[in-house]
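> My questions all concern the structure below.
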Amino acid sequence: MGLIIWLIVGGVCGWLASIVMRTDGQQGIFLNIIVGIVGAAIAGFLLGGSASLNNGLTIESFLYSLLGAIVLLAIVNLVRRGRVR
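Going by this note's numbering, the sequence shown opens with residue 4, and the numbers climb by one from there.
Laid out in structure tokens, this is it:
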């Protein structure tokens, strides 16, 4: 059941992050899921696991996952284009 939650929350966080960073037209659902999951992992790693999705789905863990996905997209944009949108 945990994997399904990671995929759903990853997809939603990746999709919302791509809307915030204005890269939604450039990537599909698969890349949204990847960005969301990696962003959630980054947020969980930086916070020491205190707000990761492994501890259950809460508003706090969702927001940290979203923030991690946005930071990840900002880094990718910086590397690809030399600037953040």
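Here a beta-carbon is modelled for each residue, glycine too, at the ideal position from N, C-alpha and C.
Comparing C-alpha positions only, which one of Met-24, Leu-76, Leu-81 sits nearest to Ala-43?
Looking at the Cα atoms, Leu-76 is the closest of the given residues.
> Could you tell me the distance, in whole angstroms, from the CA atom of Phe-48 to the CA atom of Ile-22?
If you take the alpha carbons of Phe-48 and Ile-22, they lie about 24 Å apart.
> Starting from the Cα of Val-41, find the closest Cα among Val-82, Ile-73, Met-24 and give me that residue.
Measuring from the Cα of Val-41, the nearest candidate turns out to be Ile-73.
> Put Arg-25 into one of helix, strand or coil per three-state DSSP.
Residue state, collapsed to three classes: coil.
> Using a Cβ-Cβ cutoff of less than 8 Å, which residues in the same chain neighbour Ile-37 once the five nearest sequence positions on both sides are dropped?
Gly-13, Gly-17.
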